[in-house]
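Quick note on numbering: the sequence shown equals residues 69 to 208 in this note's numbering.
I have placed the structure first, in the form of structure tokens, so that the comments after it can refer back to it.
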Amino acid sequence: MNKVEYTPKISKYQSIKSYELDDGVFFQDMVVQDMGPKTLIVGLATFEPGKSLPCHIHNVEESVTILKGNAYCDVEGVRTALEPYDTSFIPANIPHRFVNSSDTEELIILWAYSQIDDSFSRVNIDRITVPTDRCMLPKS
């Protein structure tokens with residue numbers, strides 16, 4: 069296996085600018101490829117009350133930990149209620165979304181994307197929006 073050289077980096081929360089990825093959902097990229105990691109990207113997302121991400125898939129694995137608030141995680145027809153420190157693992161190419169289940173409180177999540185091969189080449193992370201019914205399939 070090839071030896072990979074890394075340089076430690078620190079992200080200071082207060083210095084990371086947020087951006088609105090979807091209506092009422094703001095992201096902060098805390099560990100990004102420009103910092104040196106080859107197979108991992110980490111960030112925070114803040115959801116305004118009642119807001120959600122659209123149903124989508126990624127070409128990478130994803131883990132999400134609830135830091136503040138309550139959420140629903142919709143994955144292939146199953147809705148799971150989540151509370152602080154609950155953590156999900158979503159394999160690549162599985163339709164999913166996160167929804168702030170509160171009409172009054174914000175939701176903050178910590179997300180991490182991981183490359184699914186061991187090539188150590190930089191991965192381009194794709195988020196492909198798919199129809200909502202891919203997340204909330206009818207029960208058979």
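We put the beta carbon where it would ideally sit given N, CA and C, even for glycine.
It should be emphasised that the depicted structure is a prediction, and the values quoted were computed from it without experimental measurement.
- Taking the Cα positions, K119 is about 16 Å away from T197.
- For D154, the secondary structure class from DSSP, reduced to helix, strand or coil, is coil.
- Assigned with DSSP and collapsed to three states, Q82 falls in helix.
- Excluding sequence positions up to five before and after E173, its CB lies within less than 7 Å of the CB of P117, G137, all in the same chain and listed in chain order.
- The stretch 165-183 and the stretch 140-152 touch, with three or more beta-carbon pairs separated by less than 8 Å.
- Runs of alpha helix (DSSP H) with 4 or more residues, each lying fully within the stretch 77-140, are absent.
- Within the model, the alpha-carbon separation for T75 versus P105 is close to 9 Å.
- Residue state for T200 is assigned as helix, using DSSP reduced to three classes.
- Looking from the CA of E144, the closest CA among I78, S83, P199, I84 belongs to P199.
- Under the criterion of beta carbons closer than 8 Å, D171 and N127 do not qualify as touching, at roughly 33 Å.
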